Each structure stands twice: as structure tokens, then as C-alpha cells.
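Protein sequence lines correspond, in order, to chains V and P.
Just so you know, UniProt numbering puts the end of the first sequence at 297, numbered straight through with nothing missing.
Just so you know, UniProt numbering puts the end of the second sequence at 297, numbered straight through with nothing missing.
Backbone N, C-alpha and C define an ideal beta-carbon position, used for all residues, glycine too.
The structure displayed is predicted, hence computed values, not measured ones.
Report on the structure given below.
There are 2 protein chains.
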Amino acid sequence: MADTPPLLKTITIIGPGLIGSSILRRARQTGTLAQKLIAADCQEAVLHRVTALNIADETTTDLIAAAAQSDLVILCIPTGAIRAVAATILPHMKPGSILSDVASVRSSLGPEIHALLPEGVSYIPAHPMAGTEYSGPDAGFATLFEDRWTLLIPPPGTAPEAIALMEAFWHRCGARTRQMTDQYHDQVCAIVSHLPHLLAFTICNTADRLSADLQTDVLEYAASGFRDFTRIAASDPIMWRDIFLTNKDVLLATFKRFEEDAHRMVKAIQEDDSEAIMQNLQRGRHIRRGLMPEPQN
Amino acid sequence: MADTPPLLKTITIIGPGLIGSSILRRARQTGTLAQKLIAADCQEAVLHRVTALNIADETTTDLIAAAAQSDLVILCIPTGAIRAVAATILPHMKPGSILSDVASVRSSLGPEIHALLPEGVSYIPAHPMAGTEYSGPDAGFATLFEDRWTLLIPPPGTAPEAIALMEAFWHRCGARTRQMTDQYHDQVCAIVSHLPHLLAFTICNTADRLSADLQTDVLEYAASGFRDFTRIAASDPIMWRDIFLTNKDVLLATFKRFEEDAHRMVKAIQEDDSEAIMQNLQRGRHIRRGLMPEPQN
Numbered sequence: 001m002a003d004t005p006p007l008l009k010t011i012t013i014i015g016p017g018l019i020g021s022s023i024l025r026r027a028r029q030t031g032t033l034a035q036k037l038i039a040a041d042c043q044e045a046v047l048h049r050v051t052a053l054n055i056a057d058e059t060t061t062d063l064i065a066a067a068a069q070s071d072l073v074i075l076c077i078p079t080g081a082i083r084a085v086a087a088t089i090l091p092h093m094k095p096g097s098i099l100s101d102v103a104s105v106r107s108s109l110g111p112e113i114h115a116l117l118p119e120g121v122s123y124i125p126a127h128p129m130a131g132t133e134y135s136g137p138d139a140g141f142a143t144l145f146e147d148r149w150t151l152l153i154p155p156p157g158t159a160p161e162a163i164a165l166m167e168a169f170w171h172r173c174g175a176r177t178r179q180m181t182d183q184y185h186d187q188v189c190a191i192v193s194h195l196p197h198l199l200a201f202t203i204c205n206t207a208d209r210l211s212a213d214l215q216t217d218v219l220e221y222a223a224s225g226f227r228d229f230t231r232i233a234a235s236d237p238i239m240w241r242d243i244f245l246t247n248k249d250v251l252l253a254t255f256k257r258f259e260e261d262a263h264r265m266v267k268a269i270q271e272d273d274s275e276a277i278m279q280n281l282q283r284g285r286h287i288r289r290g291l292m293p294e295p296q297n
Numbered sequence: 001m002a003d004t005p006p007l008l009k010t011i012t013i014i015g016p017g018l019i020g021s022s023i024l025r026r027a028r029q030t031g032t033l034a035q036k037l038i039a040a041d042c043q044e045a046v047l048h049r050v051t052a053l054n055i056a057d058e059t060t061t062d063l064i065a066a067a068a069q070s071d072l073v074i075l076c077i078p079t080g081a082i083r084a085v086a087a088t089i090l091p092h093m094k095p096g097s098i099l100s101d102v103a104s105v106r107s108s109l110g111p112e113i114h115a116l117l118p119e120g121v122s123y124i125p126a127h128p129m130a131g132t133e134y135s136g137p138d139a140g141f142a143t144l145f146e147d148r149w150t151l152l153i154p155p156p157g158t159a160p161e162a163i164a165l166m167e168a169f170w171h172r173c174g175a176r177t178r179q180m181t182d183q184y185h186d187q188v189c190a191i192v193s194h195l196p197h198l199l200a201f202t203i204c205n206t207a208d209r210l211s212a213d214l215q216t217d218v219l220e221y222a223a224s225g226f227r228d229f230t231r232i233a234a235s236d237p238i239m240w241r242d243i244f245l246t247n248k249d250v251l252l253a254t255f256k257r258f259e260e261d262a263h264r265m266v267k268a269i270q271e272d273d274s275e276a277i278m279q280n281l282q283r284g285r286h287i288r289r290g291l292m293p294e295p296q297n
């Protein structure tokens, strides 16, 4: 790896949290992503952590100045803030440079930001399907994207060489990449990630409404099912609020389907319909088999 | 441990699956649970695996003969089969012996089996809050119960020395124990385990109904949320059918509360009520904090 020249001269990570600081760590560790690493954030405290961790060559609260000198700017900020920050920095970006973000939802972001692009600047969002329930610069690690998918969602008409560069960038982060449209991306993510999070947050809510005694015991005896849910529900609330609001239509349609399926199961239980229950349970296992080899005979 | 004499002379595990074979492995490995280990099952194939794994001194399909010579019989069979098997073996059990089961739901099992007890035989169900999504004799391991709770649910009037013996038994399995009533047990388990499983099975169902293309990609990109759900949904369907049917009333009441909470969240998303969404999300994190220390500052 030491012989591989860096892919880019200067990159700026705006919002060096879990994802952003993981990119910086990866860049630092391999030396193959960029010659110069800039971390930009509105919060001085975040930048102090980045400095203490020594994962950037420069830290700044001046987003425009950082963007102006970069070949690639990646917005690793809450989805709700992307449009405003993009509008602020885009007029100052160099011809031939790329703006990216790691948002978990596309909705109308693609066409909206595409409309703001100066001549010669490309917009190539890239959503890494990786994460933990932790957040902030200390939560990142260089192998976060290893063997995970990063979904590229370039607007129609994006320069193919810019897309190829972004693919190379994420491959060097350890990820596999695939291109898809905004709409398809949001459908996949609604079922793979957004609905599970909605349910996990909700079941924790339900537990929180229990009587104090019962709640204490629920926490005490949390078995695998509930414990997994609470882990999911420990994720950053601001990020998830933005995701839920941005992917509202697709998420609520997916929830509606889920609710219908839940009612089918509830009805089968209510009516002691053993066969219908088994059918529902078997279907769950069927999906799992698509994911993993059978554990045993 | 080698100097600790075995707690009991002879124990029989009826149904040496994940839980039952884990008890046998533990007994084999430590030598402190019983002098003689009998594995009994209706299926020869299961007993052949037990023999091949060398985790019992004797295997038999004659449940009555095995029970008659045992100081402790543990039924590690589906909840729906417990009543019938208990009724079959109880008349042949020795005075001073203990019948137990590891059922995940109590419902009316306690009083029903209590009514069948011959003079001098105790019934002390013990539900270990441990498991994996795998099943069968090969799935067990000796440390399955290590640092996990085992909930003891002795019917009122059970001999205290028999309860103390069962506590000692499970402590030697590595577990912590606590006593509770049938009803309280079922309430705790409905939220801690049964509802999460119902939701996990259902979301896998929903995924299974997607268009073939989308379904392939959902499996391909399965992120943490969905992947955790499918793991839960891979659990033994017969066991879960029985649990859902046996704990029907409590489970459906718990589901109803969950659904109300889900609707509150859905409504907040629908109406772009950012503050209400945040309240729901924060509550989820609140519960999690009760479970685990904060990961970082």
C-alpha cells in the first residue's frame, strides 16, 4: 500500500463524527486516499477531539475556505443539514472537484443539489452501509467500511470519470460499491434499516411506559431479542429524526405493509390458528436463509 | 470443582436440544451436577446425536423408566408438550424427587401440573434466559447459562429445601437465579422476548413479500438493523408458535401497547412533528442507558 500514490490531493470531511472520522482514520492509516486531510466542523469541541486523535492535517470552522481548496468534500452531517451546507460551499468549489455526502436517505436531495452545481463540479453521494450505535470523532475506526457496501447515487448525467474516482475512493476505504437511483436506494433502506430502527425505538418506548417495578425487571432480564432492539435504539436521535422525516413517504408505506403483516400474525394467534402462525414463522426463516448458510443439519 | 461432590445422584433431561444438551454438557464438564446423566427423547435420531457427542451416561426412549430412577427430571421440550409428558411420567416419580421444565411461558402450567403431583414430588419450573437461534443436541454448549438469569417459578407451597436444591443446581450451571410468580414471569417475558420475536418474524415476512428484485437487494444490503432481526427470526418456529399461543393474552396486550406507541411515532413523522419524534427517540435511549454504561463522553 505504501507504494500506491494518494488518489487525491486534498479532501475535506465536514462533520468528522463516526463516519467522517472513520474516513479520516482510513486515509491516515493507508496514505492512499489523499495527500492532505482537512476536518471541518462548526463545533470547536469536535475539532479539538480530531486534533487530539491526530487524524487530520488541518482543522477549521471555515467550511468555505476548506471546500475551496479541496478536490473532494464529503458532508458527514445530519441529513437535514446537507442542503444548507451544500448551498453555502458549492459556489466556492473548484472546477473538477467533487461534492459528496453520506446521507442515509436521498429523497429529493439529488435533484435539488444537482441544480446548485457550478460548472465542472460533480455531486456524487455515497452511502456507506456501515455504522455502530456510537457517534462522534472518538467512535470511528479505520476498518468500519471493510467488506461493507457503499451505495453510490450519482444524479443522471454525472461525469463517468468522477464516478470512477469515487468508486476507487470507497474501494480504498475497504468497501464494495454499487450505483443505484435515489428512489430505489430509499426503498431498500426503508426495509433494511429505517423500519427496523422505527420498531426498535418504539419497543424501547413501550418498555419505558411500564410500571417502575416491571421496567426494572425488564432491564434486568433483557434477553437477546430486547437487548438487540435497545442496541439499535441507542443510535443518534438527531440522525434518526432526520432520516424518518426525509424518507417519510417510503418509510410510512413500508410501515403500513409491516402493520398488515403484524395484524395477520396477531389474528392467527388470537384465533389459535396454529397453521397460519407456522406459515408466518417459516417465512421469516426463509428470508434468513437467503442471508446466511444453514447453521447445521 | 473436582472436589465438589455431585449435587444429585441421577438426573434425566427429556428433550436434549439446545437447552437440554447444554445442561448435559455442563454436568459432564464439571461433574458437580449429578453422578448419572440420562438423556430421554421420543426421537432415536436425537439420542444418536447425544451418544455421538458423549454427553450422557444413558439414552432412552422410555421416558417413564428414566423418570422413575431420577432425583430430578427436566423437561426441555416445546411448551405445548409439557402438560402431556408431565402427566405421563409424574405417577412414576420417586418421593423427594423434583420435576422441572424450562418453558418460556408459564400461563396456567404451574397450577395444572401442581394438581397432578404425587405426594412428596416437587414441581419447580426454571426458565433460563439464555439461548441462540440454533436448536438440537449439537447446538448446546456448557457455558450457555454463564452469568445469565434463570427464573424459578415454584408454585405456592413448594418445599423450601427443594427450591434451594434447584437454586444450587442452576448456580452450578453458572446462572444467577430469582423466584417470581407465573403471572409476573409472563409479563416480563412478553416484553423482553416474545414481542421482539413477534416483530422480528413479522419484518422478515414483510421483506419476503417484496418484489423479487428488491428482495434480493434487501438481503444483499442487510444492514445491522435488519440483520439482527433476521437472526432473531431464525429461531425454532415450533417453539415460538407454542410460546405465542401459550402467552397469547399477555403478548397481545403488550402488542397493543406497542402498536399505540408505534402509531404515536408514525403520526409524529406524518405531521413533521420534529419535537415529538425526538421525545420518542430519547425515550428509547433512556431505556438503553438503564442496560449499559454510556459508551463514551
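Residue i vs residue j beta-carbon contact at 7 Å
i, j, result
"P:L201", "P:A168", "Correcting the residue type first, residue 201 of chain P is Phe in the shown sequence and not Leu. Cβ atoms of P:F201 and P:A168: not closer than 7 Å."
"P:P6", "P:A34", "yes"
"V:R26", "V:A142", "yes"
"P:L75", "P:I98", "no"
"P:D101", "P:I82", "yes"
"V:V192", "P:F226", "yes"
"P:E133", "P:S235", "yes"
"P:P196", "V:F229", "yes"
"P:E58", "P:I77", "no"
"P:S22", "P:L144", "yes"
"V:T79", "V:A103", "yes"
"P:M180", "V:Y221", "no"
"P:V46", "P:P125", "no"
"V:A66", "V:H92", "no"
"P:Q29", "V:P237", "no"
Spatial distance of residue i from residue j (CA atoms)
i, j, result
"P:R176", "P:H185", "16 Å"
"V:A87", "V:L198", "30 Å"
"V:Q187", "V:E271", "33 Å"
"P:E161", "P:T216", "57 Å"
"V:L245", "P:I269", "6 Å"
"residue 299 of chain V", "V:R49", "The structure shown has nothing for residue 299 of chain V, since chain V only spans 1 to 297."
"P:Y123", "P:A84", "15 Å"
"P:T61", "P:Q43", "7 Å"
"P:N280", "V:K256", "19 Å"
"P:P154", "P:E112", "12 Å"
"P:G157", "P:H127", "19 Å"
"V:I11", "V:G120", "17 Å"
"V:P293", "V:A115", "Here the model assigns V:P293 a pLDDT of 41, short of 50, so the residue's position is not dependable and the matter cannot be decided."
"P:N297", "P:L53", "In this predicted model, P:N297 has a pLDDT of only 28, less than 50, meaning its place in the structure is not dependable; the value taken from the coordinates is given anyway. Rounded to the nearest angstrom, the two C-alpha atoms are 48 Å apart."
"V:G110", "V:Q69", "24 Å"
"P:A56", "V:T32", "57 Å"
"P:L24", "V:H171", "48 Å"
"P:G140", "P:I13", "13 Å"
"V:A253", "V:D3", "50 Å"
"P:P295", "V:G17", "In this predicted model, P:P295 has a pLDDT of only 36, less than 50, meaning its place in the structure is not dependable; the value taken from the coordinates is given anyway. The straight-line gap from Cα to Cα measures roughly 15 Å."
"P:V105", "V:A190", "33 Å"
"V:L214", "V:D147", "41 Å"
"V:L63", "V:R231", "33 Å"
"V:S107", "V:H194", "13 Å"
Cross-strand partners of residue i (DSSP beta bridge)
i, result
"V:V215", "Contrary to the premise, residue 215 of chain V reads as Gln rather than Val in this sequence. Paired residue(s): none; V:Q215 is not in a bridge."
"residue 345 of chain V", "Outside the shown range of chain V, which is 1 to 297, sits residue 345 of chain V, and nothing can be said about it."
"P:H127", "P:L151"
"P:Q179", "P:L152"
"V:S122", "V:I98"
"V:L37", "V:I11"
"P:T59", "P:A39"
Any non-hydrogen atom of the ligand PLP closer than 6 Å to residue i Cβ
i, result
"P:P5", "Only the bare structure without any ligand can be found here, which leaves the ligand PLP out of the picture."
ask   = Would the segment 253–271 of chain P and the segment 193–212 of chain V be scored as touching if the rule is three or more Cβ pairs under 8 Å?
value = yes
ask   = Of all the residues that make up the segment 82–101 of chain P, which are near chain V by a beta-carbon distance shorter than 9 Å?
value = none
inquiry  = At a CB distance below 9 Å, what residues from the segment 177–194 of chain P approach chain V? Give them in sequence order.
reply    = R178, M180, Y184, Q187, V188, C189, I191, V192, S193 and H194
key: the segment 101–134 of chain P: positions lying closer than 9 Å to chain V by Cβ   = M129, A130, G131, T132, E133 and Y134
Positions along the segment 275–289 of chain V whose CB lies within less than 7 Å of some CB in chain P = I277, M278, N280, L281, Q282, R283, G284, R285, H286, I287 and R288
task = With 9 Å as the C-beta to C-beta threshold (strictly closer), list the residues of the segment 131–164 of chain P near chain V in chain order.
result = G131, T132, E133, Y134, S135, G136, D138, A139, R148, W149 and L151
message = Residues of the segment 28–51 of chain P in Cβ contact with chain V at a cutoff of 9 Å, in chain order, please.
response = none
Near-chain V residues of the segment 259–271 of chain P (beta-carbon distance less than 7 Å), N- to C-terminal order = D261, A262, M265, V266, I269 and Q270
message = What are the residues in the segment 233–246 of chain V lying within 7 Å of chain P by C-beta distance?
response = A233, A234, P237, W240, R241, F244 and L245
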